[in-house]
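One structure is given here, and the rest of the page talks about it.
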Amino acid sequence: MKPLALFIIIPLATAFLIALLGRRIKNLGDVLTNMAGAGLFILACSIIPGVISHKVLTYKTGNWPVILGSSFIVDGLSMLLLVVINLVCCLVMVYSLSYMEKYTDKWNYQALFMLMIAGLNGVILSADIFTLYVFLELASIAGYVLVAFSTEAEALEASFRYTIIGSLASVCILLGIALLYSFTSTLNMADISLIIASRSQQGQLLNFVSVLFLAGFGMKAALVPFHAWLPDAHSSAPSPVSATLSGVVIKTLGVYSLIRIFFNVIGTSSNLLNCLVILGLASMIAGAFLAIAQNDIKRMFAYSSISQVGYIIFALGIGTPLAVLGGLFHLLNHAVFKSLLFLNAGAIERVAGTRDLTKLKGLAEKLPLTSSTALFGSMSISGVPPFAGFWSKLIIIIAAIEAGHPIFALIAALVSIVTLVYYLKFQAGVFFGALPSAFANIKEAPLTMKMPMVVLAVLSVAGGLLLLPCCREFLQSAVKAVLS
Amino acid sequence: MKNNAPGMTLIVKVITRLTVGLILLYGFYIVLHGHIGPGGGFAGGVIMALSLIHLMLAYGKEAVTKKIGRRRGIMLSSIGAVLFLALFVSSSVGFIKFPVVPGGQHIILGAGVIPFYDIAISIMVGAGLYTVFLALVILITERDEQ
Amino acid sequence: MSEYFLCLILFCTGLYCILRKRNIIKIIVGLAIIEYSVNLFLILIGYRFKGRAPIFALGQEIPNMVDPLPQAVVLTTIVIGLAVIVVAVALSVRIYSKYKTFDITKIRRLRG
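Written out as structure tokens, the structure is:
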């Protein structure tokens, strides 16, 4: 069996088996999803040596040639994203074992979650833009439903906005694909880039297509003019879902597709890169300042996601190899610590019953593990030296100075300080101070919720080790795939 | 005329009784001939689901939900999906092989695995669409009762 | 050429519905319109002057066949559009039962 197709077959099969038998057989969903999550992560790790030595792995559906059939391709960039997605999903599935107990139809959640993973893996693997669109829609639709899973009024409202804006984004992307097809008569990405490169006069069509794709993927990635849906959707969803949405979904559907389409298919121009820099800076600043004002923990984290995705887009817009390395490294780190923080928020909400900063206080002595892992996550995201987030931000800032944008580098450093401010507000509000009597007899979350948090906290420190020469090839091959 | 009976008037009921079987049959035809003419699993599945919805509109929802409830609909839809995946996996590994007869016009079993894919898709789509309709109807009536 | 303008008009109508209308159902209708306008555009891209349907039959040569790939693509996007509309309609039913209104300006419990 070809391993690449398994990335889609395993989650799909799990999803449909759970939908079929989940109501009848108790615990089937728990067993199957955790097996699938662990299996997918092992599978993702097992392709790393192959990609680093051979550069590109291909899988052809039904033995059609790559140009005619819909084939799957893994290069360095896809490998990085596959590892991140399957790591986060594996841990989130362990976490939801006990977190999702409060919902009566847990198997529906598990089936939808597996569908979303299938969509995400498909987006990463697909080699032609229409297959990418189909999987993107699969992941988005599963996401819309998962946001509304609790069927509370706020969740429904957030999910409706997410649905409308998400489908508007998809329409923009589809229109771009249609125009690109009319221009090149093919849907295969490598083929399109060859044909575009061989046409001497390109006219205005490609600019229009670029604008459509930028708007579509920008809405999916919640860049600043299109960010309105993200705080609502990510704060109303159940915590494991928010962890996945913030940790991997906006990066896969937004940032990865943006990189793939612009850097590998259409090709970049200086105008486009400037656009990305401006969008990135705007998201960075607006997200950080909006986050300070929030009193809802999850809402604060959601605005912080906008700000951090701004860093990634800013780094990509600078476009030098070092900046792209920093951007991709920050993408990986952000997936780790933002999932960690959302899982912490879920644990706090579960034991204390609220996520309002004004009501929470002094939980550190009652929740030692949650508070220490949250400290790791907060310090890592705000760029305090030994943690992984520091290294990626440092690389981005150095790259910006090297590329001749010292003012932008200064802004990035200042936004990092603002980030530290609101994460200190979070730490001070939730964990420090005297414990109110209302929280006198709360207990730490169960083991299955602690374990993923500890793993992610360790990774948020150990992530910096990826820059060591022996592990660097993992990131370097992704950078090469972006810039080739 | 009995106005308190569920469903629509006698005219609609009689016409429905006469046509609904034909619509279902047409759905089967579209599914089985999907690989040699226009149509296929999705279109056929939609037509089959529409025949059930037609019946539901004319006779009231209990007439159909007694036979196929929401749970059974979800189950059927999942069975279709699992069948599709099983076909994909087993045929791409080479575990099962179906004959391919090029150029045959009226040979249903001559296009390799495609007709079987069509059947799996039609089960999935038909049951899925019907379940969606049922879920929306039940949601609305639940709300009215509250 | 006029067909492409029809597409544009449909697209703008859908966009207007989504951006300006206050009723949730009308917004969903706008979404459907905008999706179908893009589908129509895809079909038009594949059209060839005096082209015929791309169906092979025994003993028949079709000289001027339209491009079949956009048609396959459109079938898939119709299915996706159906799924999105179903999700949106289900959400709107639930929203109505919680908020007792379809007016999007009154559905505002989330702030910030």
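Residue numbers (the working numbering), protein chains in the order written: chain A, -16 to 467; chain B, 24 to 169; chain C, 857 to 968. C-beta atoms are modelled at their ideal positions from N, C-alpha and C, and glycine is treated no differently.
**Request:** Would you decide whether residue 950/C is buried or exposed? Buried here means 16 or more other CB atoms lie within 10 Å of its CB.
**Result:** By 1-based counting over the third sequence, the position of residue 950/C is 94. Residue 950/C is buried by the Cβ-count criterion.
**Asked** In the DSSP assignment, what residue or residues form a beta bridge with residue 921/C?
**Response** In the third sequence, the residue the question calls residue 921/C occupies position 65. In DSSP, residue 921/C forms a bridge with 908/C.
**Prompt:** Given that a residue counts as buried once 16 or more other Cβ atoms are within 10 Å of its Cβ, and exposed if not, what is residue 374/A?
**Reply:** Taking the first residue of the first sequence as 1, we reach residue 374/A at position 391. Counting Cβ neighbours within 10 Å, residue 374/A comes out buried, since at least 16 surround it.
**Prompt:** Is any beta-carbon of chain A found at less than 8 Å from that of residue 876/C?
**Reply:** In the third sequence, counting from the first residue as 1, residue 876/C sits at position 20. No, because no Cβ of chain A sits closer than 8 Å to the Cβ of residue 876/C.
**Message:** Using a Cβ-Cβ cutoff of less than 7 Å, which residues in the same chain neighbour residue 399/A once the five nearest sequence positions on both sides are dropped?
**Reply:** Here residue 399/A refers to the residue found at position 416 of the first sequence. Closer than 7 Å at the Cβ level, and outside the excluded window around residue 399/A, lie 365, 366 and 376.
**Item:** Pairwise C-alpha distance: residue 197/A and residue 245/A
**Value:** For the purposes of this step, residue 245/A is taken as residue 262 along the first sequence, with counting starting at 1. For the purposes of this step, residue 197/A is taken as residue 214 along the first sequence, with counting starting at 1. When rounded, the distance between both Cα atoms is 9 Å.
**Request:** Express the C-alpha separation of residue 933/C and residue 889/C in angstroms, rounding to a whole number.
**Result:** Numbered from its first residue, the third sequence carries residue 889/C at position 33. Numbered from its first residue, the third sequence carries residue 933/C at position 77. Their backbone Cα atoms lie some 13 Å apart in a straight line.
**Asked** Apart from the five residues just before and just after residue 138/A, which ones in its own chain have a Cβ nearer than 6 Å to its Cβ?
**Response** Reading the first sequence from its first residue, position 155 is the one you call residue 138/A. Taken in chain order, the residues that qualify are 131 and 219.
**Request:** Could you check which residue in 347/A, 234/A and 35/A has the C-alpha nearest to that of residue 299/A?
**Result:** For this step, residue 299/A is matched to residue 316 along the first sequence. Closest by alpha carbon: 234/A.
**Message:** For residue 40/A, list the residues DSSP reports as bridge partners.
**Reply:** In the first sequence, counting from the first residue as 1, residue 40/A sits at position 57. Answer is 57/A.
**Prompt:** Do you know whose CA, among 434/A, 350/A and 448/A, lies nearest residue 370/A's CA?
**Reply:** Position 387 of the first sequence, counting from 1, holds the residue named residue 370/A. Here the closest residue by C-alpha is 448/A.
**Prompt:** Near residue 24/B, what residues of its chain come up, given a Cβ to Cβ distance below 8 Å and the 5 sequence neighbours on each side ignored?
**Reply:** The residue labelled residue 24/B in the question sits at position 1 within the second sequence. The predicted model places residue 24/B with a pLDDT of 45, which falls under 50 and marks its position as unreliable, so this point remains unresolved.
**Asked** Does the separation of the CB atoms of residue 200/A and residue 237/A fall below 8 Å?
**Response** Locating residue 200/A in the first sequence gives position 217, counting from the first residue. Locating residue 237/A in the first sequence gives position 254, counting from the first residue. Result yes, Cβ atoms of residue 200/A and residue 237/A sit closer than 8 Å.
**Asked** Do you know offhand how far residue 51/A's Cα is from residue 172/A's?
**Response** Position 68 of the first sequence holds residue 51/A. Position 189 of the first sequence holds residue 172/A. Those two C-alpha atoms are separated by around 12 Å.
**Message:** By the DSSP assignment, the alpha helix (DSSP H) with residue 17/A in it spans what residues?
**Reply:** Taking the first sequence and counting its residues from 1, the one referred to as residue 17/A is at position 34. Counting along the chain, the alpha helix (DSSP H) containing residue 17/A begins and ends at 11 to 29.
**Message:** Any beta carbon of chain C sitting closer than 8 Å to that of residue 154/A?
**Reply:** Here residue 154/A is taken as the residue at index 171 of the first sequence, counted from 1. It does; some Cβ of chain C falls within 8 Å.
**Request:** Give the straight-line distance between the Cα atoms of residue 57/B and residue 103/B, rounded to the nearest whole angstrom.
**Result:** In the second sequence, residue 57/B corresponds to position 34, counting from 1. In the second sequence, residue 103/B corresponds to position 80, counting from 1. So the alpha carbons of these two residues sit roughly 17 Å apart.
**Asked** Exposed or buried, residue 470/A, counting other C-beta atoms within 10 Å across all chains shown (16 or more means buried)?
**Response** Lying outside -16 to 467, the shown extent of chain A, residue 470/A is not represented and no answer is given.
**Prompt:** So, using beta-carbon positions, are residue 66/A and residue 40/A closer together than 8 Å?
**Reply:** As a position in the first sequence, residue 66/A is number 83, starting the count at 1. As a position in the first sequence, residue 40/A is number 57, starting the count at 1. Going by C-beta atoms, residue 66/A is not nearer than 8 Å to residue 40/A.
**Beta-carbon spacing of residue 318/A, residue 232/A below 8 Å** = Taking the first residue of the first sequence as position 1, residue 318/A is located at position 335. Taking the first residue of the first sequence as position 1, residue 232/A is located at position 249. Not in contact: residue 318/A and residue 232/A (Cβ atoms no closer than 8 Å).
**Request:** Consider the Cβ of residue 123/B: report whether some Cβ of chain C lies at a distance smaller than 8 Å.
**Result:** The residue given as residue 123/B occupies position 100 in the second sequence. Closer than 8 Å: no.
**Asked** Quick one: what's got a C-beta closer than 6 Å to residue 73/A's C-beta in the same chain, skipping five residues either side?
**Response** Numbered from 1 along the first sequence, position 90 holds the residue referred to as residue 73/A. Hits under 6 Å: 20, 21 and 24.
**Message:** Please report the distance separating the alpha-carbon of residue 155/A from that of residue 207/A.
**Reply:** By 1-based counting over the first sequence, the position of residue 155/A is 172. By 1-based counting over the first sequence, the position of residue 207/A is 224. Straight-line Cα distance between these residues: approximately 17 Å.
**Request:** Tell me, please, whether the stretch 432 to 439 of chain A touches the stretch 320 to 339 of chain A by the rule of three or more beta-carbon pairs shorter than 8 Å.
**Result:** yes
**Asked** Considering residue 38/B, what are the terminal residues of the alpha helix (DSSP H) in which it resides?
**Response** As a working note, residue 38/B is residue 15 in the second sequence. Here the alpha helix (DSSP H) through residue 38/B covers 33 to 55.
**Message:** Within a Cβ cutoff of 7 Å, which residues of the same chain sit near residue 126/A, ignoring the five residues on either side of it in sequence?
**Reply:** Reading the first sequence from its first residue, position 143 is the one you call residue 126/A. Same-chain partners within the cutoff: 99, 228 and 232.
**Prompt:** Looking only at its own chain, which residues have a Cβ that is under 7 Å from the Cβ of residue 2/A, when we skip the five neighbours before and after it?
**Reply:** In the first sequence, residue 2/A corresponds to position 19, counting from 1. The residues are 94.
**Request:** Look at the alpha carbon of residue -16/A and the alpha carbon of residue 30/A, and state the distance between them as a whole number of angstroms.
**Result:** Position 1 of the first sequence, counted from the first residue, corresponds to residue -16/A. Position 47 of the first sequence, counted from the first residue, corresponds to residue 30/A. Note that residue -16/A has pLDDT 43, beneath the 50 cutoff, so the model's placement of it is unreliable and the number below is only indicative. Residue -16/A and residue 30/A: Cα-Cα distance of roughly 14 Å.
**Asked** Would DSSP call residue 25/B helix, strand or coil?
**Response** Reading the second sequence from its first residue, position 2 is the one you call residue 25/B. Caution applies to residue 25/B, whose pLDDT of 49 falls short of 50 and renders its modelled position unreliable; the model cannot decide the point.
**Request:** Tell me residue 316/A's beta-bridge partners as DSSP assigns them.
**Result:** By one-based count along the first sequence, residue 316/A stands at place 333. DSSP, once it has assigned bridges, lists no residue as partnering residue 316/A.
**Prompt:** What does residue 0/A reach in chain B if we use C-beta pairs closer than 7 Å?
**Reply:** For the purposes of this step, residue 0/A is taken as residue 17 along the first sequence, with counting starting at 1. Result: 105.
**Request:** Indicate whether residue 102/A and residue 113/A have their beta-carbon atoms separated by less than 8 Å.
**Result:** If you number the first sequence from 1, residue 102/A lands on position 119. If you number the first sequence from 1, residue 113/A lands on position 130. The answer is no: Cβ separation not under 8 Å.
**Message:** Whether or not the stretch 325 to 336 of chain A and the stretch 74 to 84 of chain A are in contact is what I'm after, with contact meaning three or more pairs of Cβ atoms, one per stretch, closer than 8 Å; do they touch?
**Reply:** yes
**Item:** Reduced DSSP category for residue 116/B - H, G, I as helix; E, B as strand; rest coil
**Value:** Here residue 116/B refers to the residue found at position 93 of the second sequence. Correct three-state label for residue 116/B: helix.
**Prompt:** Using a Cβ-Cβ cut-off of 6 Å (strictly less than) and excluding sequence neighbours within five positions of residue 953/C, which residues of its own chain qualify?
**Reply:** In the third sequence, the residue the question calls residue 953/C occupies position 97. Once the five neighbours on either side are set aside, residue 953/C has no close Cβ partner at all.
**Request:** With distances taken Cα to Cα, identify the nearest neighbour of residue 115/B among 108/A, 148/A and 43/A.
**Result:** Counted from its first residue, the second sequence places residue 115/B at position 92. Comparing Cα-Cα distances from residue 115/B to each of 108/A, 148/A and 43/A, the minimum goes to 43/A.
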